[in-house]
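Visitor: The listed protein sequences correspond, in order, to chains A and B. Each position in the first sequence, counted from 1, maps to that position plus 524 in my numbering. Each position in the second sequence, counted from 1, maps to that position plus 54 in my numbering. Backbone N, C-alpha and C define an ideal beta-carbon position, used for all residues, glycine too.
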Amino acid sequence: MTALPDLTAGELRARYRRGETSPAEAVRAVFERIDAQERRLHAYLYVDREAALAEAARWDGVVRRDDAPPLAGIPVAVKDNICTQGWPTTCGSRILAGYRPPYDATVVTRLRRAGAIILGKANCDEFAMGSSTENSAYGPTRNPWDEARVPGGTSGGPTAAVAAGEATLALGSDTGGSIRQPAAFCGVVGMKPTYGRVSRYGLVAFASSLDQIGPIARSVRDAALLLQVIAGRDPADSTSADVEVPAYGDRLATSLRGVRLGIIREFFAEGLDAGVAAAVRDAIETCRSLGAACEEVSLPSASFALPAYYIVAPAEASSNLARYAGVHFGHRTSNAADLITLYSRTRREGFGAEVKRRIMIGTYALSSGYYEAFYLRALRVRTLIRREFETAFNRFDALVGPVTPTTAFRLGEKVDDPLQMYLSDVYTVPLNLAGLPGISVPCGLVGGLPVGLQVIGRAFDEQTILNVAHAFEQATPFHTRRPPAGAPASEGRGRAS
Amino acid sequence: MPPTETGVRHETIIGLEVHVQLSTASKMFCACAVAFGAPPNTRTCPVCLGLPGSLPVLNRRAVDLGVRTALALGCRIQPESQFHRKNYYYPDLPKNYQISQYQYMDHPPLATAGVLRFPFGNGLKEIGIRRVHLEEDTGKLVHVPGRSLVDYNRCGTPLMEVVTEPDLRSAEEARLFLTHLRALLQFAEVTSGRLEEGTFRCDANLSLRPPGGPYGTRTEIKNMNSLRSVERALRFEEGRQREALARGEDVIQETRHWDEDREITFASREKEEAQDYRYFPEPDLVPLHVDPTWVERIRSGLPELPEARRRRYVETLGLPEHDAGLLTATRAMAEFFEATIRLFSKPKVAGNWLIGDIAAYLNAEGREIDEVPIRPEHLAGLLALIDTGKISGRSAKEILEEMLRTGRPAEAIVQERGLAQISDEGTLDSVVQEVIAEHPGPAGDVRAGKDQAVAFLVGQVMKKTRGRANPTMVNRLIRERLGAG
């Protein structure tokens, strides 16, 4: 029988209902897993065992009832860039060391209302900038499949936690691939919803026009369940959309008959690892065998997505991160006699290298004289990419391709080469620019490391990509593969190639 | 056109940027109450403090008031406008950017291309309005010895910026423009317009232009805290630039601060490197759509504006143009006037008292009519006492003075001081007889037909009665006694 920490939320709920176990028991089991693994994995920056157990006790009687809320008693990890009242929220940055927000993010409020047991705050790249979680000021998270490798980023902490049974579900955020890429690297399901589908209120902004909170889970059904809890219009976020949220889980399909899938040609070009390519092509064949009509489609501007992203995102970041200046919250230098010194020392001490790099790039891109050449041109590329997707969706119900060019890379492998690191997001960034939903679902192992299939949908049509991912998942064994217990940093486990 | 020392007559060119605090209950982007004078940092929340993760939500009421202003100024209202971030670091700005509306390419502000008309000399002056946009206010720094503190209560208070074309030609015009703009916005119920609470602030750009020549280099003048200081600051700056040009010096483009005490403008010590605000569209807000239905709903609810009211005072109430202009100079004055004439139906008389003695008192006190204790029913009571001959005009001035100070009704003051006019014929006749007996010379003159002497005798009666005698009756009684026509 599967151990409690490895059960899906759906399975856990069924056991609660049958009275076979209780939230307190499940939460204790998860904390035992955390105790056993965290020293190696470092998925969390903060856990509150007492609070979690107290909350679990509160739901103990309720979970057997038919009208129990959807996440009653389910252990959930929350990425550390999502505000939790009274709990540290550092965004993996020294500049927010010790900062405890006075309010809960809307998604956290919705989690609590749905009965979720929030275990703690999970590690991430500083201010969600990076692709490996190595940019966390508090040390990297390791990939549960191979501790010598990164879990991906920036939601490396919550994703590793879900993959390693340190949480049943998790909330991540995705600005350029930060949910989907680690989900692919860690062999779990991760979704970036449509921009506007989930409230950003309480998500510490990196790039406001791109950021989106999404679910991380060990099954598509679980991802659907969590999405349904957090999705929907929030008056506190003007960019959240007033679009009806369907009961995703009730409609999940196992057949793909009649579904038209577009295979993005540009996503299979130079730079894609042969093993990853083969796994993704196999996955597409599986979809075909499930009834999908698969055809190639071209998104010629997709290759400009990464450069455009690295203008728009840093530009917004340079403004969003201006508030970390040592005046009314967060780190303040102990050594400043005047205002300018206060600002510059606080920021020099508080921010890491990648954050500084992006603030400088963004400041430059918005400066007068460069604004047209960089920022406005990037916005035009963005419009172009959005239109190409729209055109593609005239012919297809969903688009498919790889999530990442490679499987999980080694710690330290790319830290000194930002451009190589940025390329890790080449297939995920276009969706953020277009505001579209995308899901990563496990589709194989290459050299013992997970590979993800990316399914991209129309705006606000998360249902279709959940259906495709679910049908694929149910037809394949990949989602049942768990990382080897206590996977050591092994030289023997080959590089992805 | 003031002549320079060299005799070249330069034209003064002034443009104003007026910041108006909107009368909303809550702030621009959050639900915090807008409150003047609350203890520091008690009117704040994660949004106006710019805490990580917080997001702005636009206050629709502030847009209503912006649209109202646009309608009152005859502006073109943009069906879609955009908010921008103005990026700069300062401790009173918690996000280190201000949410504002920037005019850039295809991003117009809320409203453009309006005009404000007001009476000037014998005609009307027209000043172009370049733009009206919405933005959030900053907090306030409080300096105490050795350190600086910040109060974020004002942070996020809704502000509207009204920018004129460079159409003003003198410091006096600038003051008049501001007076009329403030009245307009008060009538439109957009703002309280109280300068001392900072709800109506203004910066000015001033340059001199040689006849027929291009615009000269302009300076920006800040820190003008009252309408009077605007006029004085601009007059000083106009003179300073004129003298510089006369000496053959260039005017330097810079920001200058008005020093109220020294009555000069001085160049700000801040580094004069050009600020690059790195404006870009605010991604946390969706574009602002103002559809025609919304505009029409606001238009139909628009209160009567000063121009219409002025016309009504002239055409319906029969007031002179000049009086009507003064009575509509502030909303408070017009409201007071109308409340008074509802109780005392002689508008010309009520108007005279308001723009005469009462305005003089308010001017000297530096206050507005709704900031002194007198109420319209009190003034109406006083006017009725004069009108029915119960008190003399001279006593009335004395009574009014106390009413303005204390807010007590006229009747009570009259009683207390014994200022009621004496209109009893028997009483007055005995005083008249006394005066005639005491002044045989002038009495003889009257008998001899010298009419001027009547006035002297009336004066003596008034003196004896401490101004309380009914002058008309006294006049008649003297003539009767002395057999004069």
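(1) Using Cβ-Cβ distances below 8 angstroms, what residues of the stretch 142 to 160 of chain B are close to chain A?
(2) Select from 365/B, 506/B, 481/B and 189/B the residue whose C-alpha is nearest the C-alpha of residue 155/B.
(3) Starting from the C-beta of residue 436/B, find all residues in its chain whose C-beta is less than 7 angstroms away, skip the five residues before and the five after it, and write them out in chain order.
(4) For residue 853/A, which residues in chain B fall below 7 angstroms Cβ to Cβ?
(5) What separation, rounded to the nearest whole angstrom, lies between the Cα atoms of residue 1019/A and residue 971/A?
(6) Check this for me: beta carbons of residue 256/B and residue 70/B, under 9 angstroms apart or not?
(7) In the DSSP assignment, the alpha helix (DSSP H) including residue 669/A goes from what residue to what residue?
(8) So which residues on chain B does residue 607/A lean against when the C-beta distance must stay under 9 angstroms?
(9) Only counting the same chain, and skipping five residues up and downstream in sequence, which positions put a Cβ closer than 7 angstroms to that of residue 180/B?
(10) Taking C-beta to C-beta, are residue 738/A and residue 722/A nearer than 9 angstroms?
(11) Using a Cβ cut-off of 9 angstroms (strictly closer), state whether residue 623/A contacts chain B.
(12) What residue does the alpha helix (DSSP H) around residue 432/B start on, and which one ends it?
(13) At least one CB of chain B closer than 9 angstroms to the CB of residue 873/A: is that the case?
(14) Would a C-beta distance cut-off of 9 angstroms place residue 747/A and residue 993/A closer than the cut-off?
(15) With 9 angstroms as the threshold, decide whether the Cβ of residue 626/A is near any Cβ in chain B.
(16) Along the chain, where does the beta strand (DSSP E) that runs through residue 161/B open and close?
(17) Where does residue 536/A land, buried or exposed, given buried means 16+ other C-beta within 10 angstroms?
(18) Restricting to Cα atoms, I'd like to know which of 599/A, 575/A, 904/A and 1003/A is closest to residue 969/A.
(19) Do residue 567/A and residue 684/A have their C-beta atoms closer together than 9 angstroms?
(20) Please identify the residue among 873/A, 988/A and 717/A whose C-alpha is closest to the C-alpha of residue 957/A.
(21) Taking only beta-carbon atoms, is residue 345/B less than 9 angstroms away from chain A?
(22) Just the C-alpha distance for residue 87/B and residue 93/B, rounded to the nearest angstrom, thanks.
(23) So, does the CB of residue 660/A fall closer than 9 angstroms to a CB anywhere in chain B?
(24) Using 8 angstroms as the threshold, is the stretch 625 to 642 of chain A in touch with the stretch 884 to 897 of chain A, meaning 3 or more CB pairs across them?
(25) Do you know how far the Cα of residue 496/B is from the Cα of residue 510/B?
(26) So, using beta-carbon positions, are residue 344/B and residue 121/B closer together than 9 angstroms?
(27) Please check if any C-beta of chain A sits within less than 9 angstroms of the C-beta of residue 199/B.
(28) For residue 542/B, count neighbouring C-beta atoms within 10 Å of its own C-beta (all shown protein chains included) and say buried if the count is 16 or more, exposed if not.
(29) Classify residue 196/B as buried or exposed, calling it buried when 16 or more other Cβ atoms lie within 10 Å of its own Cβ.
(30) Can you pull the DSSP bridge partners for residue 68/B?
(31) Can you find a CB in chain A that lies within less than 9 angstroms of the CB of residue 63/B?
(32) Just mark residue 479/A as buried or exposed, buried being the case when its beta carbon has 16 or more other beta carbons within 10 Å.
(33) Consider the Cβ of residue 585/A: report whether some Cβ of chain B lies at a distance smaller than 9 angstroms.
(34) In the DSSP assignment, find the alpha helix (DSSP H) that holds residue 710/A and state where it starts and stops.
(35) Grouping DSSP H, G and I as helix and E and B as strand, with all else coil, what is residue 82/B?
(36) Any idea what DSSP makes of residue 655/A, helix, strand or coil?
Guide: This is what the structure gives:
(1) Contact annotation: in the stretch 142 to 160 of chain B, residues whose CB is within less than 8 angstroms of a CB in chain A are 143, 145, 148, 149, 150 and 151.
(2) Indexing the second sequence from 1 puts residue 155/B at position 101. Among 365/B, 506/B, 481/B and 189/B, the Cα nearest to that of residue 155/B belongs to 189/B.
(3) As a first step, residue 436/B must be located in the second sequence, where it is residue number 382. These residues qualify, in order along the chain: 450, 453, 454, 457 and 464.
(4) Here residue 853/A corresponds to residue number 329 of the first sequence, with the count starting at 1. Chain B residues near residue 853/A: 105.
(5) Numbered from 1 along the first sequence, position 495 holds the residue referred to as residue 1019/A. Numbered from 1 along the first sequence, position 447 holds the residue referred to as residue 971/A. Note on residue 1019/A: pLDDT 39, under 50, position unreliable in the model; no value is reported.
(6) Translated into positions along the second sequence, residue 256/B becomes position 202. Translated into positions along the second sequence, residue 70/B becomes position 16. At the C-beta level, residue 256/B and residue 70/B come within 9 angstroms of one another.
(7) Within the first sequence, numbered from 1, the residue matching residue 669/A stands at position 145. Where residue 669/A is concerned, there is no enclosing alpha helix (DSSP H), because DSSP gives it neither an H nor an E.
(8) Start at 1 with the first residue of the first sequence, and residue 607/A comes out as number 83. Those within 9 angstroms of residue 607/A in chain B are 100, 105, 106, 107 and 108.
(9) Working through the second sequence from its first residue, we reach residue 180/B at position 126. Listed in chain order, the non-local C-beta contacts of residue 180/B below 7 angstroms within the same chain comprise 169 and 171, local neighbours out to five positions each way being set aside.
(10) Reading the first sequence from its first residue, position 214 is the one you call residue 738/A. Reading the first sequence from its first residue, position 198 is the one you call residue 722/A. Yes, the pair counts as a contact, with Cβ atoms nearer than the cut-off.
(11) Indexing the first sequence from 1 puts residue 623/A at position 99. So, interface residue.
(12) Position 378 of the second sequence, counted from the start, is the residue given in the question as residue 432/B. Note, residue 432/B: alpha helix (DSSP H), 430 to 441.
(13) The residue labelled residue 873/A in the question sits at position 349 within the first sequence. Closer than 9 angstroms: no.
(14) Counting from one through the first sequence, the residue named residue 747/A turns up at place 223. Counting from one through the first sequence, the residue named residue 993/A turns up at place 469. Yes.
(15) One-based indexing of the first sequence puts residue 626/A at position 102. For residue 626/A, at least one C-beta of chain B is nearer than 9 angstroms to its own C-beta.
(16) Position 107 of the second sequence, counted from the start, is the residue given in the question as residue 161/B. It is not in any beta strand (DSSP E) - residue 161/B carries neither H nor E in the DSSP assignment.
(17) In the first sequence, residue 536/A corresponds to position 12, counting from 1. Per the 10 Å Cβ criterion, buried.
(18) As a working mapping, residue 969/A is identified with position 445 in the first sequence. Selected option, being the one with the closest Cα: 1003/A.
(19) For the purposes of this step, residue 567/A is taken as the residue at position 43 of the first sequence. For the purposes of this step, residue 684/A is taken as the residue at position 160 of the first sequence. Result yes, Cβ atoms of residue 567/A and residue 684/A sit closer than 9 angstroms.
(20) For the purposes of this step, residue 957/A is identified with residue 433 of the first sequence, where counting begins at 1. That would be 717/A, whose Cα lies nearest to the Cα of residue 957/A.
(21) As a working mapping, residue 345/B is identified with position 291 in the second sequence. For residue 345/B, not one C-beta of chain A is nearer than 9 angstroms to its own C-beta.
(22) The residue you call residue 87/B lines up with position 33 of the second sequence. The residue you call residue 93/B lines up with position 39 of the second sequence. A direct Cα-to-Cα measurement between residue 87/B and residue 93/B gives close to 13 angstroms.
(23) If you number the first sequence from 1, residue 660/A lands on position 136. No, residue 660/A does not count as interfacial toward chain B.
(24) Flag = no, the stretch 625 to 642 of chain A and the stretch 884 to 897 of chain A do not touch.
(25) Stepping through the second sequence from its first residue, residue 510/B is reached at position 456. Stepping through the second sequence from its first residue, residue 496/B is reached at position 442. Those two C-alpha atoms are separated by around 8 angstroms.
(26) To locate residue 344/B, count along the second sequence from 1; it is residue 290. To locate residue 121/B, count along the second sequence from 1; it is residue 67. Yes. Within cutoff.
(27) Within the second sequence, numbered from 1, the residue matching residue 199/B stands at position 145. Output row for residue 199/B: interface = no.
(28) Coverage of chain B is limited to positions 55 through 539, which leaves residue 542/B absent and any answer about it impossible.
(29) As a position in the second sequence, residue 196/B is number 142, starting the count at 1. Taking all protein chains in view, the Cβ of residue 196/B is surrounded by fewer than 16 other Cβ atoms within 10 Å, so the residue is classified as exposed.
(30) Taking the first residue of the second sequence as position 1, residue 68/B is located at position 14. Paired residue(s): 222/B and 260/B.
(31) For this step, residue 63/B is matched to residue 9 along the second sequence. By this cut-off, residue 63/B is not an interface position.
(32) What the structure shows of chain A is the stretch from 525 to 1021, and residue 479/A is not part of that stretch, so it cannot be assessed.
(33) Mapped onto the first sequence, residue 585/A falls at position 61. Not closer than 9 angstroms to any Cβ of chain B, the Cβ of residue 585/A fails to qualify, so no.
(34) Numbered from its first residue, the first sequence carries residue 710/A at position 186. Per DSSP, residue 710/A belongs to the alpha helix (DSSP H) from 704 to 710.
(35) Residue numbering aside, residue 82/B sits at position 28 when the second sequence is read from its first letter. Three-state result, residue 82/B: coil.
(36) Translated into the one-based positions of the first sequence, residue 655/A becomes position 131. DSSP places residue 655/A in coil when its eight states are reduced to three.
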